[in-house]
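Asker:
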Amino acid sequence: MSSLTRWLSLAAVLVLAMPGAARAQYASDAPVQPPDAASLRTEPQAPLTQEEGQLPPAAAPVAQEPETNGAILDGHLRYGAFLSGPGSLTFILHHSLMGALGGFFTQGIANGFSLERSSREAMLAGTLIGAGLGFGSSAWWQFYNWVDKPMGYFGIGNSVMGGMFAAGFMDMLTRDASALAWAAFLGAELGAWLTATIAGGQLPLDDGMLVASGGGWGLIYGALLLAIVHFSGTKISGQTWADSLLMAPALGATALAVATMKYNPTPAQILRADLFGVGVGGVVLLLSGLVLGGFDQPTPYVLSFLGSAAAITTVSLLWEEAAERPSMGVRSTGRSKAYRCVWW
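Numbering (mature numbering (1 follows the signal peptide of the UniProt record, and there is no 0)), first residue to last: -24 to -1, 1 to 320.
#1: What three-state label does DSSP hand Leu59 in the structure shown?
#2: Helix, strand or coil: how does DSSP classify Leu179 here?
#3: Quick check: what's the CA-CA separation for Asp182 versus Leu201?
#4: Thr68: buried (16+ other C-beta within 10 angstroms of its C-beta) or exposed?
#5: Assuming Ala224 contacts Gly138 (C-beta within less than 8 Å), just tell me the rounded distance between them.
#6: Using C-beta distances below 8 Å, list every residue in its chain close to Gly144, excluding the 5 sequence neighbours before and after it, in chain order.
#7: Give the range of the alpha helix (DSSP H) segment to which Asn240 is assigned.
#8: Where does Gln118 fall in DSSP's three states?
#9: How should Asp272 be labelled, buried or exposed, when 16 other C-beta atoms within 10 angstroms of its C-beta is the threshold for buried?
#10: Apart from the five residues on each side of it in sequence, which residues of its chain come closer than 6 Å, Cβ to Cβ, to Leu179?
#11: Would you say Ala172 and Phe130 are within 8 Å of each other, going by their C-beta atoms?
#12: Report yes if the C-beta distance between residue 338 and Ala153 is below 8 Å; otherwise report no.
#13: Return the Cβ separation of Met74 and Gly110 in integer angstroms, given the expectation that the two are a contact with Cβ distance under 8 Å.
#14: Could you give the DSSP three-state label for Thr289: helix, strand or coil?
#15: Give the DSSP-derived three-state secondary structure of Gln273 in the structure shown.
#16: Assign Trp193 to one of three DSSP states: helix, strand, or coil.
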């Protein structure tokens, strides 16, 4: 091949290679196309799963602060615009009804419950005046003093015991029916108002139960003592029986009301002692009467008295409620007192 042919072949190769080099240089100098914006976005993560039984933070219950709006009376929120506490309605109804009954019976007994117009007017006036005075005084007192449910309920029982005591005491002095009616009415009012003023509107449930329990045991033990004396050979008249049994509940209630200044049993302890005392005393009285051949002798009543008293004392002092709920913690290696008296 001649030199001319070789040079022509080299020139042809160069001419064919130049368009490819130009396209490669153009491709390298051209700006890069921006990526798709959708590919740069992050996908949302799946929500965290809650453990079974666990509420999400937004649904978790939030402890509500105690309501402080409204009038405060004796450290408590008033029950309403007119009633001061949950026991106010019972307190007002009790005093209103007691005043109405007192006015009716005092005027009725004084007039012999005659159906004449003057007698009916006196009984009507006594009923309305008594109810009005009872309503007004109790409404005024509860408006300025907190009244809880225990005071409202136990005030009724103390009122009954106060009326019984006054009637029994007055019966020892006179047999006049009008005087007895007035004594019973005033004694009932005194018992109710002593409960309200001394015990207070915030009377604890355990104190009220202890006082009521004292009234019941005063009546029971009074009857047992009278039976012991009567069947021992000393005859007791019917009036003595009536007067003694009328005064015994108030004496027992007063004794345990004084005891509340030192002792502080729980309602469960009081109910337990009462149930054991009544159960043991009743069973001993029944069995001893049947075994000994009758109840016209003092021995069954003495045994019942001692049995009930022993049952009350034993259960009250030796029943340890902490033993029913043993602690799950580690026991201490040091020596400690196993039991303690639960009454104080």
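For each residue, glycine too, the CB sits at the ideal point set by N, CA and C.
Answerer: Well, looking at it:
#1: By 1-based counting over the sequence shown, the position of residue 59 is 83. Correct three-state label for Leu59: coil.
#2: Against the sequence shown, residue 179 aligns to sequence position 203. Residue state, collapsed to three classes: coil.
#3: For this step, residue 182 is matched to residue 206 along the sequence shown. For this step, residue 201 is matched to residue 225 along the sequence shown. So the alpha carbons of these two residues sit roughly 28 Å apart.
#4: Translated into the one-based positions of the sequence shown, residue 68 becomes position 92. What sits at residue 68 in the sequence shown is Ile, not Thr. Residue burial annotation: Ile68 is buried, with at least 16 other C-beta atoms found within 10 angstroms of its C-beta.
#5: One-based indexing of the sequence shown puts residue 224 at position 248. One-based indexing of the sequence shown puts residue 138 at position 162. Going by Cβ atoms, the distance from Ala224 to Gly138 rounds to 13 Å, so no, they are not a contact pair.
#6: Locating residue 144 in the sequence shown gives position 168, counting from the first residue. Once the five neighbours on either side are set aside, the close Cβ partners of Gly144 are Ala218, Asp219, Ser220, Leu221, Leu222 and Met223.
#7: Working through the sequence shown from its first residue, we reach residue 240 at position 264. Segment: none, Asn240 is in no alpha helix (DSSP H) and carries neither H nor E.
#8: As a working note, residue 118 is residue 142 in the sequence shown. DSSP places Gln118 within a helical segment (H, G or I) once states are collapsed to three.
#9: Sequence index remark: in the sequence shown, residue 272 carries index 296 (1-based). Residue burial annotation: Asp272 is exposed, with fewer than 16 other C-beta atoms found within 10 angstroms of its C-beta.
#10: In the sequence shown, residue 179 corresponds to position 203, counting from 1. Counting only residues of its own chain and dropping the five nearest sequence neighbours on each side, Leu179 has a CB closer than 6 Å to the CB of Pro126 and Met127.
#11: Locating residue 172 in the sequence shown gives position 196, where the first residue counts as 1. Locating residue 130 in the sequence shown gives position 154, where the first residue counts as 1. In this structure, Phe130 does not lie closer than 8 Å to Ala172 by Cβ.
#12: Residue 338 lies beyond the stretch modelled for the chain, which goes from -24 to 320, so this question has no answer here.
#13: In the sequence shown, residue 74 corresponds to position 98, counting from 1. In the sequence shown, residue 110 corresponds to position 134, counting from 1. Right, the Cβ-Cβ distance comes to about 6 Å (below 8 Å), so this counts as a contact.
#14: Looking up residue 289 in the sequence shown gives position 313. Looking at Thr289 - three-state DSSP - the assignment turns out to be helix.
#15: Taking the sequence shown and counting its residues from 1, one reaches residue 273 at position 297. Correct three-state label for Gln273: coil.
#16: Counting from 1 along the sequence shown, the entry for residue 193 is found at position 217. DSSP places Trp193 in helix when its eight states are reduced to three.
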